[in-house]
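Trainee:
Numbering (our numbering), first residue to last: 1 to 228.
1. Taking 9 angstroms as the cut-off, decide whether the C-beta atoms of residue 227 and residue 145 are in contact.
2. By the DSSP assignment, the alpha helix (DSSP H) with residue 93 in it spans what residues?
3. Kindly give me the distance between the Cβ atoms of residue 29 and residue 52, rounded to whole angstroms, as I take these residues to be in contact under 8 angstroms.
4. At a cut of 8 angstroms, does the region 57-66 reach the region 79-90 through at least three beta carbon pairs?
5. Where does residue 152 land, buried or exposed, given buried means 16+ other C-beta within 10 angstroms?
6. Compute the distance between the beta-carbons of residue 178 and residue 164, then report whether it is under 9 angstroms.
7. Using the three-state DSSP reduction, which class does residue 102 fall into: helix, strand or coil?
8. DSSP three-state call for residue 160: helix, strand or coil?
9. Quick test of the definition: if touching needs 3 or more C-beta pairs under 8 angstroms, does the region 103-113 touch the region 165-172?
10. What are the boundary residues of the beta strand (DSSP E) that includes residue 155?
11. Report the start-end ranges of each beta strand (DSSP E) in the region 135-221 that is 3 residues or longer and not cut off at the edges.
12. Do you know offhand how far residue 113's Cα is from residue 148's?
13. Is the CB-CB distance between residue 186 and residue 116 below 9 angstroms?
14. Got a sec? Which residues, its chain only, sit under 8 angstroms from residue 138 by beta carbon, not counting five neighbours each side?
15. Taking just the CA atoms, how far does residue 156 sit from residue 134?
16. Do the CB positions of residue 85 and residue 75 come within less than 9 angstroms of each other?
17. From residue 130 to residue 6, what does the alpha carbon distance come to, in whole angstroms?
18. Inspect the beta-carbon positions of residue 197 and residue 64 and report whether they are closer than 9 angstroms.
19. I think residue 173 touches residue 95, with their Cβ atoms under 8 angstroms apart; what is that distance to the nearest whole Å?
20. When you compare each of 90, 221, 10 and 136 to residue 111 by their alpha carbons, which one comes out closest?
21. For residue 193 and residue 213, I'd like the C-alpha separation in whole angstroms.
22. Provide the residue(s) that pair with residue 52 in DSSP beta bridges, ordered along the chain.
23. Check for me: the alpha helix (DSSP H) holding residue 119 runs from which residue to which?
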């Protein structure tokens, strides 16, 4: 029993160190990137072909964090990592839906992509909740959304705002327009099947809805105030 407690203590302290380290230093890669490369069913690329280079949130257009928050997690600045209203709604809908509806917040997605494997089971979900709490305790909301914008998969082998912006729109991420930002957000959660540079009818419709939601939650002024 004593050895078990010691192992748990070491695990906890190690995670505290890692998360505090990543609060100030961008990760060189993520668990999600390695899994995609190692799974030939999911990806036909190798590690050398990965497009991933973190950039500071001050070098990303305010429209992009606004777009992903409007699309993925409108209560991002108000909750502590879990949106219980959305979780309850998803549980009710999933009793009759064939395609399961998720309720992951942006913080939960960061914890999963940064540290965990993709298989869904109780152990993974428990660790996801654990890392989500640590991120909310030890990082600012600004750092969480910055990390999300850098590690999110935005195409096959494309991770983060820097390469999504340069590959799809031939510009630096700080120059992304409201339409371009909303289109990038619209390809989630299936970035391998959708291309913001050549948007399908669905992506265009989704983009237009995201722009409406961006304005609804307060527009550029809202996100500028939140990320001061």
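Glycine residues also receive a C-beta, built at the ideal position from the N, C-alpha and C atoms. From a predicted model like this one, the values you see are computed outputs, not experimental measurements.
Mentor: With the structure as the only source:
1. Cβ atoms of residue 227 and residue 145: closer than 9 angstroms.
2. Judged by DSSP secondary structure, residue 93 falls within the alpha helix (DSSP H) whose first and last residues are 84-93.
3. Cβ atoms of residue 29 and residue 52 come within 8 angstroms of each other, at about 7 angstroms.
4. Flag = no, the region 57-66 and the region 79-90 do not touch.
5. With 16 or more other Cβ atoms within 10 Å, it is buried.
6. No, Cβ-Cβ distance for residue 178 and residue 164 is not below 9 angstroms.
7. Taken through DSSP and simplified to helix, strand or coil, residue 102 comes out as coil.
8. For residue 160, the secondary structure class from DSSP, reduced to helix, strand or coil, is coil.
9. As far as the Cβ criterion goes, the region 103-113 does not touch the region 165-172, which means the pair count is below three.
10. Counting along the chain, the unbroken beta strand (DSSP E) around residue 155 starts and ends at 153-155.
11. Runs found: 153-155.
12. Distance between the alpha carbons of residue 113 and residue 148 is about 9 angstroms.
13. Contact: no.
14. The answer, listed in chain order, is 16, 19, 20 and 23.
15. Distance between residue 134 and residue 156, taken at the CA atoms: about 29 angstroms.
16. The Cβ-Cβ distance between residue 85 and residue 75 falls below 9 angstroms.
17. If I take the Cα positions, the gap works out to 18 angstroms.
18. Result no, Cβ atoms of residue 197 and residue 64 do not sit closer than 9 angstroms.
19. Contact doesn't hold; Cβ gap of about 40 angstroms is too wide.
20. Nearest of 90, 221, 10 and 136 to residue 111, Cα basis: 136.
21. Those two C-alpha atoms are separated by around 23 angstroms.
22. Bridge partners of residue 52: 159.
23. Note, residue 119: premise wrong, no alpha helix (DSSP H); not H, not E.
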